[in-house]
Each structure stands twice: as structure tokens, then as C-alpha cells.
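Using the working numbering, read the first sequence as starting at 13 and increasing by one per residue. A virtual CB, placed ideally from N, CA and C, is assigned to each residue, including glycine.
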Amino acid sequence: MMERNAYDILEERGFLKQCSHPEELRELLGKEKVTFYIGFDPTADSLHIGHYVALMTMAHMQRAGHRPIALLGNGTAFIGDPSGKTDMRSLMSKEQLKHNAACFQAQMSRLIDFTDDKALIVYNGDWLYPLNYLDFMRDIGVYFSVSRMLAADCYKQRMERGLTFFEMGYMLMQSYDFLELNRRYGCKLQMGGDDQWSNILGGADLIRRKEQKPAYALTTALLTTSDGKKMGKTEKGAVWLDKEKCSVFDFYQYWRNVEDQDVEKCLALLTFLPMEEVRRLGALPGEQINEAKRVLAYTLTAQVHGEEEAQKAQTAAEALFAGGTDLSNIPSCELTAEQVEESGLRIPDLLVLSNLAKSKSDARRLIADGGVFIGDEKVASPNQALNESDLAGDGVIIRKGKKTYCRIRKA
RNA sequence: GGAUGGGUUCCCGAGUGGCCAAAGGGAGCGGACUGUAAAUCCGUUGUCACAGACUUCGAUGGUUCGAAUCCAUCCCCAUCCA
13 MMERNAYDIL
23 EERGFLKQCS
33 HPEELRELLG
43 KEKVTFYIGF
53 DPTADSLHIG
63 HYVALMTMAH
73 MQRAGHRPIA
83 LLGNGTAFIG
93 DPSGKTDMRS
103 LMSKEQLKHN
113 AACFQAQMSR
123 LIDFTDDKAL
133 IVYNGDWLYP
143 LNYLDFMRDI
153 GVYFSVSRML
163 AADCYKQRME
173 RGLTFFEMGY
183 MLMQSYDFLE
193 LNRRYGCKLQ
203 MGGDDQWSNI
213 LGGADLIRRK
223 EQKPAYALTT
233 ALLTTSDGKK
243 MGKTEKGAVW
253 LDKEKCSVFD
263 FYQYWRNVED
273 QDVEKCLALL
283 TFLPMEEVRR
293 LGALPGEQIN
303 EAKRVLAYTL
313 TAQVHGEEEA
323 QKAQTAAEAL
333 FAGGTDLSNI
343 PSCELTAEQV
353 EESGLRIPDL
363 LVLSNLAKSK
373 SDARRLIADG
383 GVFIGDEKVA
393 SPNQALNESD
403 LAGDGVIIRK
413 GKKTYCRIRK
423 A
């Protein structure tokens, strides 16, 4: 019986989905320090929770003594990843991509230790931008069989909807990344979300064929809800790691509100809590499962935003939902003198200003449906307005529905 | 390049001259019920100065008292042929 290694840890926590050579890889991870990589396309200026599973994978591996490489795909993102996307590829400038990549890097540093070569950050634009088409076709293109690619699931599905040469080319570029990292850093393993399976496998095959060296592919579970939908969407969009794009309170609340069935999975994938504890929390019956949600929300928020911020979010949540009294940390919105003037302090205008409603019509509807409260009082008419004195000091707390609060005050 | 079929509101998808701000479903939002969960039921889902007005059905022009619906040109997408 071999000692428990990184592979076992990932397996136990439910990360593993597919692996090219399970036995072989497990053995390798048990006996030597392995350099591996995960790719990220910097198409936005912040990572979101979907990326977080990948970061956790890297963190577990690093803690087990292996060396992660975060590959920032400023080269591949330059033309856009077609996988599964139906929306138009939005073309971004090289400068924008570089900026986004820098943002990613900062966020990754919270979880991964990049000091002393313990982990690397590399940019595939470094080798993709200068690439020569003819050389590429001759050196790399010859190793790929179109008929075999077409047999792959991901392409098979696309066949009906049309498949461009570019989309198939994407696999070659990603495979080339792996080869390049193998040559430069001795990288032997590529990990990634399960939707990347074909692309990852392509790279491992390329190395095995071209270099006659071992290379491994391993995919991790995507973060989905129990009914198979992608997790991490809110009314305001994705659950971003950047608190400017998703407030700490919203972040905390997102996890506080996950469905019962998803708690255990989230705890296992997104936190470092020991598995015995994860299983215990996940098994709590009935109402007690809320304890697990509190732990999940607090732990994950602390991991991403720090203890102090997590504490504030928790305090605010308790004040609003659990009879707590400390209201100082609930989400707030400060109005400038002009905004006060312009809005006339009418409730619909205030709902829009505080982002609780997306338009004044929307706000009117909410009021008509009886979903808007000032303090504890239901707003009866859209013509209702506040007095300027209401906004003085701590201001007033306005609520939309059961769970969305905002404190409004004068700046 | 040729032929054919398409582009409708957040998504899918009906609508082929007035009754269309546009069926139905999904998703979202609000309400009831609950555990800040799920399921279920009800309501709602273009904008605004909101019992009224204004803007939307790929784009631009045109026909008509009146167009998402008809015509012209253009753009885009899919399938087949090259």
C-alpha cells in the first residue's frame, strides 16, 4: 500500500474526472516532484469562481510538493477560445490581454506560492506570437489526424452546427503550449476543466509522439449544481474574485445560499477543510445543514478576501437574517448631492441608484408586487419619496425581496 | 462563387398586413409556504413624465391609411454544390 499522495488527495476530494494514465500518473506523483500546468485565458480582468477549482487543484498539488505552472493564454486568447461558446468571439488587444493577465496573476498569488520558483507564471504569447505558420504546420500539424479529431466528442457535437478550421486549430495551439512547457520546464502533466479534455489529451499525445517522452492529461470536475448547471452565476453576473466586480457580501451570500445538495461538494472542492469534517457537515440533517453553509461561506470568503472581510460579511449577514444587531457592515450606497437632487428621493429612483432595480419600470413593478421595504415598512406606492433627513447619519435601509438589502445615505 | 433555408424581446421559439409590446416554454424577479435550502402554487418580465405615451422583431430605404409581416439593396448565419 503506497502512501497517500497528491493524486489520492485530489481523488478523495472529488476533483478527478478523466486521466490519460491513472496508475502511472499516481505512481509518478508518489515518487518525484512533478511540474504541471493549467492554462487560463485572460479574457476578463478578474478570475471568477469557475477558475477557482483549478486554483485549488494547483494549491493541493503544490502543498504535496509539486510545481505548478500557471499558463496565461494571452496568445490563444488573442484569437479567442471557441470551446462550447456560441457567442461571437470578442477580439481583444494585446495590451488588454496583458493587463488582464496581470490581474489574474495578483489573484492567484493569494492561493499559490510563487516565490523561489515554487510555482511559475508564463505567457503563451511568448512563443505563439512569433510563431511561423509554415514551421508550425510542418513541425506540429503533421502529428494531428483530422479524422481522429473529428471522432472526439467535442467536435462530433459541433459537426451539425458547423466547425471552422480555426476551432480545430485551437487544439493544436494548446497542444503546442504543452510541448513548449515540456521542453522549457520539464512539464509532464496538464490539468484543466473537463471541457478541456480533448485539448489536453492532444498535448500529451503530441509530446509522447514527438519527444518520445511520457506526458499526462488529467481533468477536474467542473463546478456544477446538482442539476448540472454551471455554478457561479448571480443576478449580477458571474461570481468574481475581485470585490469591485462582486462585493464581499454578495460573495459570502452566494455560498451561504447554495442548495443543500451542493454544500458537501463545494466544501470538498473549494476549501481545505479535512474530509472527515466535510463529510460530517455535508451529512447534517434538515435545518442543521445551515451550519455547513455558514462554514462554507465563511471559509471560502476568508480564503479569497481575507479573514477580516469575511468577518464583516458574516456580521452583516447575521444582522440581516439571524437577529444580529451590528448593521454597520451591510452593503451600502452613498448618494451625491446631485443624485439626491435629481432623484427627488422618489423610491423608484433610489432603487435604480442603489442597483436594486435595473430600471425605473422594473422598480415600479417591484413596488406593485409588494417586494420593496424601507426599514420594516412596505412601500405602498411608486410615488412615495423619502425626506432628506432620512439620509442623514447612517441613512435608511432599503430592501428588495427577502434577501437583498442596501443602506442608502448621503455621501 | 452557386442553390436553398434562416436572422423575432435575456435564451429557445410561435407569429406572414391592422385584434402585436408580440403566443408558448426556459431562465430571472416578486409573493405565499420554508431553514437566508429545495419542491410547489400565484403574479411578473421593453422604456418613460405609467389608467397615457414612446421605442423594439439583422441594417437601410420603399409600398401602404397602417408593416415583425409585402418589395429593394446590403450585412450575417446554416445546409448542400464548387
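Contact fails between the segment 333-347 and the segment 373-392, because fewer than three Cβ pairs, one in each stretch, are under 8 Å apart.
S159 and M180 have their C-alpha atoms roughly 11 Å apart. Partner residues in the beta bridge of Q202, as assigned by DSSP, are Y49, A229. Taking a 10 Å sphere around the C-beta of K324, we find 16 or more other C-beta atoms and assign the residue as buried. If you check the CB distance, K45 and R75 do not come in under 8 Å.
With a beta-carbon spacing of about 12 Å, C31 and L40 fall beyond the 8 Å limit used to define contacts.
Taking C-alpha positions only, S373 is separated from E24 by approximately 50 Å.
With a threshold of 16 other beta carbon atoms within 10 Å, R16 falls short and is exposed.
In the structure shown, F385 adopts extended strand secondary structure according to DSSP, grouped into three states. Judged by DSSP secondary structure, I21 falls within the alpha helix (DSSP H) whose first and last residues are 18-24. Distance from the CA atom of L362 to the CA atom of V251, rounded to whole angstroms, is 25 Å. Per DSSP, reduced to three states, the secondary structure at R122 is coil, with no helix or strand assignment. L347 is bridged by DSSP to K422.
Under the DSSP assignment, P80 falls in the beta strand (DSSP E) whose first and last residues are 79-84. Per DSSP, L293 lies in no beta strand (DSSP E) segment; the continuous alpha helix (DSSP H) that holds it begins and ends at 287-294. When A216, Y64, R122, S187 are compared, the shortest CA-CA separation from G205 is found for Y64. In the structure shown, C115 adopts helical secondary structure according to DSSP, grouped into three states. Here Q396 carries a coil assignment [DSSP, helix/strand/coil]. Fully enclosed alpha helix (DSSP H) runs of no fewer than 4 residues occupy 301-317 of the segment 291-332, in order along the chain. Contact annotation: S187 and L218 have beta-carbon atoms nearer than 8 Å. The C-alpha of Y228 is placed about 16 Å away from the C-alpha of M183. Contact between the segment 306-318 and the segment 394-404 is absent, with fewer than three C-beta pairs closer than 8 Å. Counting along the chain, Y135 sits inside the beta strand (DSSP E) bounded by residues 132-135. Leaving aside the five residues that flank Y310 on each side, the residues in its chain whose CB is nearer than 6 Å to its CB run, in chain order, A322, Q326. In the DSSP assignment, L28 forms a beta bridge with T232. Out of G153, W209, M203, L162, the CA that lies nearest to the CA of M185 is found in G153. Going by DSSP, V158 is part of the alpha helix (DSSP H) stretching over 158-163. Burial of R419 is indicated by the presence of at least 16 other C-beta atoms within 10 angstroms of its C-beta.
In terms of CA proximity to F27, A66 leads the group I50, A56, A66. Beta-bridge pairing by DSSP links V408 to I420. Rounded to whole angstroms, the gap between the alpha carbons of D207 and L162 is 16 Å. Counting every other CB atom within 10 Å of its CB across the protein chains shown gives E276 a total of 16 or more, marking it as buried. Judged by DSSP in its simplified three-state form, H33 adopts coil rather than helix or strand. About 30 Å separates the beta carbons of G85 and G42, which is beyond the 8 Å limit, so they are not a contact pair. Rounded to whole angstroms, the separation of the alpha carbons of A216 and G298 is 46 Å. At the C-beta level, A304 and L312 stay beyond 8 Å of one another.
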